[in-house]
Amino acid sequence: MKIFECPNCKSPVFFENTICENCNTSIGYNHYLDAFDIPNNNQDNFSKLCSNFNLGVCNWLVDNNVNTEFCLACSLNRTVPNRSNTDHFNKWVKLETAKHRLIYQLLKLKLPIKSKLQDENGIAFDFLSENNKENAVTGHADGVVTIILTEADSVQREQLRKQMNEAYRTLLGHFRHEIGHYYWELLFNDSNIESFRQVFGDERLDYSEALEKHYKNGAPNNWNQNYISEYATSHPWEDWAETWAHYLHLMDTLETASGFGMSFYPNKEYVKKLVIDTCPNPYFTENFKDIFDASIALTCVANSLNRSMGLPDIYPFIVPDKVIQKLTFIHNLLK
Ligand SMILES: [Zn+2]
Ligand SMILES: [Zn+2]
Ligand SMILES: [Zn+2]
1 MKIFECPNCK
11 SPVFFENTIC
21 ENCNTSIGYN
31 HYLDAFDIPN
41 NNQDNFSKLC
51 SNFNLGVCNW
61 LVDNNVNTEF
71 CLACSLNRTV
81 PNRSNTDHFN
91 KWVKLETAKH
101 RLIYQLLKLK
111 LPIKSKLQDE
121 NGIAFDFLSE
131 NNKENAVTGH
141 ADGVVTIILT
151 EADSVQREQL
161 RKQMNEAYRT
171 LLGHFRHEIG
181 HYYWELLFND
191 SNIESFRQVF
201 GDERLDYSEA
211 LEKHYKNGAP
221 NNWNQNYISE
231 YATSHPWEDW
241 AETWAHYLHL
251 MDTLETASGF
261 GMSFYPNKEY
271 VKKLVIDTCP
281 NPYFTENFKD
291 IFDASIALTC
301 VANSLNRSMG
311 LPDIYPFIVP
321 DKVIQKLTFI
331 HNLLK
């Protein structure tokens, strides 16, 4: 995520801001220009704030030429919690923060984003509680991404993370994983599915059997030589979604570092491979190796900073060569 500037005074503003902290001007995000604008400025095509602005869950502007009250990100919602339930509502606020960051990144990657409410091949989000559906689970099916509200409870999430032996579990991570399943369906067809199978394996393997087996036996001992996570070993579709999510993690963190003009010059001889003149903007970088090399320096520094604060690693991953190949495959496919 890059840093933005106030359309009035040019002070830095951040993605979730609704007013400029410096000049107090109201601002909204124009996804078409990838910049902040002043709402209700009539010369503009994007001058109306999204209806969800009033609920405090959105700061995006709406295209005046499209007859809708919702911005691109909010137009994808199909089921959202009832406002009268404060607990559910507060969880939804957290989900929307993560979802808006996801949509920002999908736009950066120039991936098609259509609402399922308008096009049956589009995307819809269902944010569900026990009230909507008993035993609802987080997942994807046919363009519908379901996230259960309890995921927004940080205590429960951490409990699940430990229970499932995961190094990393976040709301943004869920969104990135589940949308990966949607884009898999969009990106592969008879003409290129063999290229997928060569890298990730044969997805025709029975999915429910594979998952059952995974939950019973766990991942193979040497999983970390070929996969980004234990769950990725369960089925080629899950390997794709886990690796896809990881690709989005790397692209976003590197864009942030690039936006701040970060460079790394460790002064010890043995860390010379961590020298990076300037973090590249990953969305304009051809070669995935350049992205990955900069990410190594960045995540090494970020982890060390976290340890200085007594916090767990921000990047709790070791990426084997096999996974770099998979990430490179995704990068080249999207290019
Ligand atoms: Zn300002
Ligand atoms: Zn919105
Ligand atoms: Zn999945």
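Residue numbers (the UniProt record's numbering): 1 to 335. Every residue, glycine too, gets a C-beta built ideally from N, C-alpha and C.
Tell me, to the nearest whole angstrom, how far the beta carbon of residue i is from that of residue j; I am working on the premise that it is less than 8 Å.
i      : j      : result
Lys114 : Asn121 : 7 Å
Ile324 : Phe284 : Going by Cβ atoms, the distance from Ile324 to Phe284 rounds to 20 Å, so no, they are not a contact pair.
Ala294 : Cys279 : 5 Å
Ile296 : Asn306 : Incorrect: roughly 16 Å between the Cβ atoms, too far for contact.
Identify the continuous beta strand (DSSP E) that holds residue i and give its terminal residues.
i      : result
Asn77  : Asn77 to Thr79
Tyr29  : Gly28 to Asn30
Asp126 : Ala124 to Leu128
Leu334 : Segment Asp321 to Leu334 is the alpha helix (DSSP H) holding Leu334; no beta strand (DSSP E) there.
Ala141 : Gly139 to Ala141
What's the gap between the Cα of residue i and the Cα of residue j?
i      : j      : result
Glu212 : Leu254 : 36 Å
Leu160 : Asn332 : 34 Å
Leu172 : Arg101 : 8 Å
Leu61  : Glu96  : 15 Å
Lys10  : Lys162 : 44 Å
Leu298 : Leu250 : 10 Å
Val93  : Thr146 : 16 Å
Asp119 : Glu203 : 26 Å
Cys300 : Trp244 : 21 Å
Lys326 : Lys272 : 26 Å
Thr68  : Leu76  : 12 Å
Asp239 : Gln198 : 13 Å
Thr150 : Glu5   : 35 Å
Glu21  : Leu49  : 19 Å
Glu230 : Ser26  : 45 Å
Arg157 : Lys91  : 12 Å
Val13  : Ile3   : 6 Å
Glu286 : Thr170 : 29 Å
Asn65  : Asn45  : 7 Å
Thr328 : Leu55  : 40 Å
Gln225 : Cys71  : 42 Å
Asn281 : Met1   : 10 Å
Ser258 : Ile38  : 26 Å
Met164 : Leu334 : 31 Å
Ala210 : Tyr227 : 16 Å
Phe260 : Asp63  : 30 Å
Asn267 : Leu274 : 10 Å
Pro7   : Glu134 : 46 Å
Name the two residues that bound the continuous alpha helix (DSSP H) containing residue i.
i      : result
Thr243 : Pro236 to Gly259
Gly173 : Leu171 to Leu187
Ser304 : Phe288 to Ser308
Thr97  : Thr86 to Lys108
Val271 : Looking at the DSSP string, Val271 is not in any alpha helix (DSSP H), and its letter there is neither H nor E.
Quick one: using the 10 Å Cβ neighbour count with 16 as the cut-off for buried, is residue i buried or exposed?
i           : result
Arg176      : buried
Thr233      : buried
Ile123      : buried
Leu33       : exposed
residue 337 : Here the chain has residues from 1 to 335 only, and residue 337 is not among them.
Asn59       : buried
Ile19       : exposed
Asn30       : buried
Pro312      : exposed
Contact the stretch 132-145 vs the stretch 173-188: 3+ CB pairs below 8 Å:
yes
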